[in-house]
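The structure under discussion appears below in the form of structure tokens.
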Amino acid sequence: MSDDFDDIQAIFFEECAEGLATAEAGLTTMAEGDSTAEVIAGVFRAVHSIKGGAGAFGHDALQGFSHRFENVLDEVRAGKIPPTQEVCRTMLLAFDVLTGHVEAAQGLADLPDDTLMVAALEELLAAERAGNADAQAPAIAAPTEQAGGADEFGFLPVVVDLFDLDADPMALGDAAAAPGEHGAQDDNPRWIIRFAPSRDAMANGGEPLLVLRELERVGGEIIAVETGSLPSLRELDPEGAYFTWTLTLPAGVERSTIDEAFDFVAPDSVIQISREEAPAPVVEQVEQAAGETAKPLAPPTAVPSAAKASAPAQPAESKAIEAQQNIRVDVAKLDMLLNLVGELVIRNSILSDRLSSADQQRVELPELARLTREIQDNVMSLRAQPIRQAFSRVPRMLRELCSATSKDVALEVSGETTEVDKSVIEKIGEPLTHMIRNAIDHGIESTEERIAKGKPAQGRLQLSAEQKGARIFLRVSDDGKGIDRVRVLAKAVEKGIVGPDENLSDEEIDNLICAPGFSTAETISAISGRGVGMDVVRSNVEALGGRIEIISTPGKGTAFTMILPLTLAILDGMVVRLAGQRYVLPLSNVVETVQPEPGQLRPVANSSEVIAMRGTYVPVRRLSELFHLPSSEREAEDSVVIIVETDAGNVGLMVDTIEDRREVVIKSLDQNLYPIRGLGGATILGDGSIALILDIDALMVSPSASSKFALKGIAA
Amino acid sequence: MNTQETAAPATKAYAAETVSAIDTGDTLAERKIVTFLLGQQTFGIEMSALIEIREWETPTPLPSVPSYIKGVTNLRGHVVPVVGLAERLGWEPSVLHSRSCILVVNIEGKHAGFLVDEVADIVSVADSAIQMAPEVEVTEASLIKGLVQIGQRSQEGSSDKDQTMVSLLDLSKLSPTRHIDLAV
Numbered sequence: 001m002s003d004d005f006d007d008i009q010a011i012f013f014e015e016c017a018e019g020l021a022t023a024e025a026g027l028t029t030m031a032e033g034d035s036t037a038e039v040i041a042g043v044f045r046a047v048h049s050i051k052g053g054a055g056a057f058g059h060d061a062l063q064g065f066s067h068r069f070e071n072v073l074d075e076v077r078a079g080k081i082p083p084t085q086e087v088c089r090t091m092l093l094a095f096d097v098l099t100g101h102v103e104a105a106q107g108l109a110d111l112p113d114d115t116l117m118v119a120a121l122e123e124l125l126a127a128e129r130a131g132n133a134d135a136q137a138p139a140i141a142a143p144t145e146q147a148g149g150a151d152e153f154g155f156l157p158v159v160v161d162l163f164d165l166d167a168d169p170m171a172l173g174d175a176a177a178a179p180g181e182h183g184a185q186d187d188n189p190r191w192i193i194r195f196a197p198s199r200d201a202m203a204n205g206g207e208p209l210l211v212l213r214e215l216e217r218v219g220g221e222i223i224a225v226e227t228g229s230l231p232s233l234r235e236l237d238p239e240g241a242y243f244t245w246t247l248t249l250p251a252g253v254e255r256s257t258i259d260e261a262f263d264f265v266a267p268d269s270v271i272q273i274s275r276e277e278a279p280a281p282v283v284e285q286v287e288q289a290a291g292e293t294a295k296p297l298a299p300p301t302a303v304p305s306a307a308k309a310s311a312p313a314q315p316a317e318s319k320a321i322e323a324q325q326n327i328r329v330d331v332a333k334l335d336m337l338l339n340l341v342g343e344l345v346i347r348n349s350i351l352s353d354r355l356s357s358a359d360q361q362r363v364e365l366p367e368l369a370r371l372t373r374e375i376q377d378n379v380m381s382l383r384a385q386p387i388r389q390a391f392s393r394v395p396r397m398l399r400e401l402c403s404a405t406s407k408d409v410a411l412e413v414s415g416e417t418t419e420v421d422k423s424v425i426e427k428i429g430e431p432l433t434h435m436i437r438n439a440i441d442h443g444i445e446s447t448e449e450r451i452a453k454g455k456p457a458q459g460r461l462q463l464s465a466e467q468k469g470a471r472i473f474l475r476v477s478d479d480g481k482g483i484d485r486v487r488v489l490a491k492a493v494e495k496g497i498v499g500p501d502e503n504l505s506d507e508e509i510d511n512l513i514c515a516p517g518f519s520t521a522e523t524i525s526a527i528s529g530r531g532v533g534m535d536v537v538r539s540n541v542e543a544l545g546g547r548i549e550i551i552s553t554p555g556k557g558t559a560f561t562m563i564l565p566l567t568l569a570i571l572d573g574m575v576v577r578l579a580g581q582r583y584v585l586p587l588s589n590v591v592e593t594v595q596p597e598p599g600q601l602r603p604v605a606n607s608s609e610v611i612a613m614r615g616t617y618v619p620v621r622r623l624s625e626l627f628h629l630p631s632s633e634r635e636a637e638d639s640v641v642i643i644v645e646t647d648a649g650n651v652g653l654m655v656d657t658i659e660d661r662r663e664v665v666i667k668s669l670d671q672n673l674y675p676i677r678g679l680g681g682a683t684i685l686g687d688g689s690i691a692l693i694l695d696i697d698a699l700m701v702s703p704s705a706s707s708k709f710a711l712k713g714i715a716a
Numbered sequence: 717m718n719t720q721e722t723a724a725p726a727t728k729a730y731a732a733e734t735v736s737a738i739d740t741g742d743t744l745a746e747r748k749i750v751t752f753l754l755g756q757q758t759f760g761i762e763m764s765a766l767i768e769i770r771e772w773e774t775p776t777p778l779p780s781v782p783s784y785i786k787g788v789t790n791l792r793g794h795v796v797p798v799v800g801l802a803e804r805l806g807w808e809p810s811v812l813h814s815r816s817c818i819l820v821v822n823i824e825g826k827h828a829g830f831l832v833d834e835v836a837d838i839v840s841v842a843d844s845a846i847q848m849a850p851e852v853e854v855t856e857a858s859l860i861k862g863l864v865q866i867g868q869r870s871q872e873g874s875s876d877k878d879q880t881m882v883s884l885l886d887l888s889k890l891s892p893t894r895h896i897d898l899a900v
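Order-wise, the sequence lines are chains P and U.
Heads up: the first sequence at position 11 corresponds to 11 in my numbering, and the numbers run straight through without jumps.
Heads up: the second sequence at position 98 corresponds to 814 in my numbering, and the numbers run straight through without jumps.
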């Protein structure tokens, strides 16, 4: 297989992933009872696109299964199968099998066993047919299945070899041979269609022959061809389209079917669709593909150039104007660009440092700084992605978990449009999986247990994302039984994670489940309980410069919150100095700065101080003590207290001086070392020296509790 | 920043000279080793792992790290930890002097700098000349990968017969990320 083929196939798989996401979202909406025509059509189109692509790339199993799935969806779309709860559930299961097929086609998994699912789908179809035995024939729009045999409409479908680009166009004659029988029961007059493709239709991939074939497939018949615009041979462009066709279509054909055939025609084509006997034929200009979001994959019967049709250059008229133009870019190139911009920012500030203050005020430098910042913002936004991508696999995972544990859990998702850096999305997948597994396996009780406790029989899992300042809050919460602190503590003592005599607060006990080698599962299940779960979650999140908060209420449930930095690369910071070293505080944490007056700073106990601020007292921590640096000899009055906002309220942080406010490029410490609690990373300042970036929340949140097992973690 | 960049090419030229002297008529598998002094003892690391040799420059200290991690330094835009090798091996900390320098190495894709007392030489040794480190009682048994005898290069360049024992360090075991890797 050529590289080109692989490249195109890679695009197909990306489109599959998008299609699956669309289908799943749609099916979930349907299962919730919101089965509008638009939603159903969206699911249908997604599955249809996958089928088309699968055929073009020779993934027969995928094509076969998606074809069956599509048949059912088509009946649902036509209103023949009502989208009941039962039907939706079956379709969701079918969706899972479809996902399995896509993975198998990618070589990521073994071919799923779909016999049961196929049977279930066929059953749905059979039930529908039985129910309508004496009604009229099923929708003509239904794709014909029995390739090669005469179907109920009495015409022979064209057998199209998907790779046979030289398929004999004359074979179409047979297909269109008996159109007269269509719509016999219908009183409506026949359709008259006039179709004049734009001159450059073929150059744009809008092969008119495909449209004609599609129309003929549903019973269309060409009644006239206008050749008037055909130029002399000398001026003839062999790739130009010069003909105008007039076709008739049986009256029974639905308007939507006709419109579909014109989905992929080139812009500027003239399409007129009217009923034959209308007094003054209403000539409609079809707005091609308006509201159509289907991937540009031609239906399989039109596949001789499906690969061509699936190429991104498929502008439909209205889309070309409204839709954004997209190109796919290798992420490695974006990363490279981001690194270079980071260097540019640093060089910019080095340059600024070297210039005299008079030169710094000149217009060129601020202008350069502004441009650099704009470039930086733009590059960052290239990498921002909605967090939906990380959430998308959750529903499927939840269904699998529920069926494995026989629990009934409903999922609520919010904030999925929150945008975060791509690297964050990549790295939260695993922590998210672990947290959800934990919630289902350990948190939510069995249905019987829930009923006995007077809770709703169905458990609830909430997944939410929210941006607050420069941080992302990602929360997984369940309404299960909460953390069993007695058992957690007993287990931790048994495993030697804490000593038997240690007096731990509830919060500290909850945090023990993140300690390395901890697992309370009495029986090791396939789902969780291998003793690596929350430990891995914690280290992954810390590697991202974030941390985890656990809030648990016995009997009510548990909430895990991952607090992550919005971006991993740029930070607006305040540069402070302490004992000769420079540190950077995230500006998002800074509330105000105070130069303490004599007496404003008061000792409370041996090691704690408060500062009086407009009638209230704010606790003050000395950074030198937090970092165990030799305590500075400075008088408190010569120091600066920076009031910072933390999750635990405002705290004053005492440093020697404030030096500057600037944007810094975050370099993670774990690239060559490992994450250090209290530090969000390091940055390189204008003079080439390194300043450490403080993680205020981690620094302030119960340092005693965290250090206890942070050290244990390293020792283990 | 400029000083270390001039140091590296000089070292390379030195290496080439040494190799050509030894290479003549010998086709056995060889490896190049950078030798350096810590206290009175000579150690060696694989030349292929070495990125550069730079002068000592006080790194930015880090809070709550083991004392042998001296801090982090800026290596062409990368934040690289600096390890006091003597302390890492459980000895007294090196006393800084004019020949103190930092060997910046690449350990399985991660960069780290090691403070050593003095860089001695670059030599080629045949694989067969490397002897497994004998089982001796040390705090961490396997930091030393092997032992090799080399002829000492005297300042006058004479054919000295003195033999020096070089302890080859196992860099992968010295990586400052090592204990985290083990914990996970």
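C-beta atoms are modelled at their ideal positions from N, C-alpha and C, and glycine is treated no differently.
Note that the structure is a prediction, hence the values are computed from the model and not measured.
query: Looking at chain P, which residues of the stretch 828 to 841 of chain U have a Cβ within less than 8 Å of any of its Cβ atoms?
result: Result list: Ala828.
field: DSSP bridge partner residues for His794(U) (one or two, in chain order)
entry: Leu791(U)
message: What would DSSP say about Val160(P), mapped onto helix, strand or coil?
response: With a pLDDT of only 45 at Val160(P), under 50, the local geometry of the prediction cannot be trusted, and the value read off the model is given with reservation. Val160(P): coil per DSSP, three-state reduction.
field: Outcome for Leu679(P) when other beta-carbon atoms lying within 10 angstroms are tallied against a minimum of 16
entry: buried
- request: Compare the C-alpha of Ala404(P) against each of Asp359(P), Ser446(P), Thr418(P), Leu673(P) and name the closest.
  value: Ser446(P)
query: When we look at the beta-carbon of Thr776(U) and count the other beta-carbons within 10 Å, is it buried (16 or more) or exposed?
result: buried
- prompt: Cβ of Lys889(U) less than 7 Å from any chain P Cβ?
  reply: Any Cβ of chain P closer than 7 Å to the Cβ of Lys889(U) would place that residue at the interface, and such an atom is absent.
Pro112(P) in three-state terms, based on DSSP: coil
Beta carbon proximity, Ala682(P) to chain U, threshold 7 Å: yes
query: Mind checking Ala224(P): buried by the 16 CB within 10 Å criterion, or exposed?
result: exposed
message: Give me the residue from Pro850(U), Gln865(U), Val864(U) with the minimum Cα distance to Ser858(U).
response: Pro850(U)
field: Any non-hydrogen atom of the ligand COA closer than 6 Å to Asn378(P) Cβ
entry: Although the ligand COA was asked about, the structure shown includes no ligands whatsoever.
field: Under the three-state DSSP convention, the category Asn348(P) falls into
entry: helix
message: Any C-beta of chain P within less than 8 Å: which residues of the stretch 799 to 823 of chain U qualify?
response: none
query: Using 8 Å as the threshold, is the stretch 51 to 62 of chain P in touch with the stretch 75 to 89 of chain P, meaning 3 or more CB pairs across them?
result: no
task: Can you give me, in chain order, the residues of the stretch 613 to 642 of chain P that have a beta carbon less than 7 Å from any beta carbon in chain U?
output: Phe627, His628
message: Please classify Thr248(P) as buried or exposed, where buried requires at least 16 neighbouring CB atoms within 10 angstroms.
response: With 16 or more other CB atoms across the displayed protein chains lying within 10 angstroms of its CB, Thr248(P) is buried.
task: Run through the stretch 533 to 558 of chain P for me and flag every whole alpha helix (DSSP H) of 4 or more residues, listed as ranges in chain order.
output: Annotation: the stretch 533 to 558 of chain P contains the following complete segments of the alpha helix (DSSP H) (minimum length 4 residues), in chain order: 533 to 543.
message: With a threshold of 6 Å on Cβ separation, who are the neighbours of Thr783(P) within its own chain once the five nearest residues in sequence on each side are excluded?
response: As displayed, chain P neither begins before 1 nor continues past 716, which places residue 783(P) out of reach and without an answer.
message: Going by DSSP, what residue range makes up the beta strand (DSSP E) through Gly760(U)?
response: 757 to 762
message: Using beta carbons (cut-off 7 Å, strictly below), is Leu673(P) in contact with chain U?
response: yes
- request: Using a Cβ-Cβ cut-off of less than 8 Å, give me the residues of the stretch 685 to 696 of chain P that come near chain U, in sequence order.
  value: Gly688, Ser689, Ile690, Ala691, Leu692
field: Bridge-paired residues (DSSP) for Asp479(P)
entry: Note: Asp479(P) sits in no beta bridge, so no partner.
- request: Tell me, please, which residues DSSP counts as bridged to Leu474(P).
  value: Residue pairing by DSSP places Leu474(P) opposite Ala465(P), Met562(P) in a beta bridge.
task: For chain P, find out if any of its Cβ atoms is closer than 7 Å to the Cβ of Thr893(U); answer yes or no.
output: yes
- prompt: Quick one: what's got a C-beta closer than 6 Å to Leu884(U)'s C-beta in the same chain, skipping five residues either side?
  reply: Gly760, Lys861, Gly862
Cβ-Cβ separation, Ser780(U) to Arg677(P) (assumed contact under 8 Å), whole Å: 7 Å
message: Could you tell me the alpha carbon to alpha carbon distance between Pro586(P) and Ser816(U), rounded to whole angstroms?
response: 36 Å
Identity of the residue in Glu239(P), Glu502(P), Arg487(P), Asp501(P) nearest Ile513(P) by Cα: Arg487(P)
task: Can you give me the Cβ contacts of Gly100(P) inside the same chain, cut-off strictly under 7 Å, excluding the 5 residues immediately before and after it?
output: Ala109, Pro112
- prompt: Is there a Cβ from chain U that is less than 7 Å from the Cβ of Glu75(P)?
  reply: Not one chain U Cβ lies under 7 Å of Glu75(P).
field: Of the listed residues Leu791(U), Val835(U), Ser764(U), nearest to Gly688(P) (C-alpha basis)
entry: Leu791(U)
Contact under 7 Å by Cβ, Pro189(P) with Arg275(P): yes
query: Rounded C-beta distance between Thr246(P) and Arg194(P)? I'm assuming under 8 Å.
result: 5 Å
- prompt: If you measure beta-carbon to beta-carbon, which residues of the stretch 763 to 783 of chain U are closer than 8 Å to chain P?
  reply: Result list: Pro775, Thr776, Pro777, Leu778, Pro779, Ser780, Val781.
message: Please list, in chain order, the residues of the stretch 485 to 505 of chain P that have any C-beta partner in chain U closer than 8 Å.
response: none
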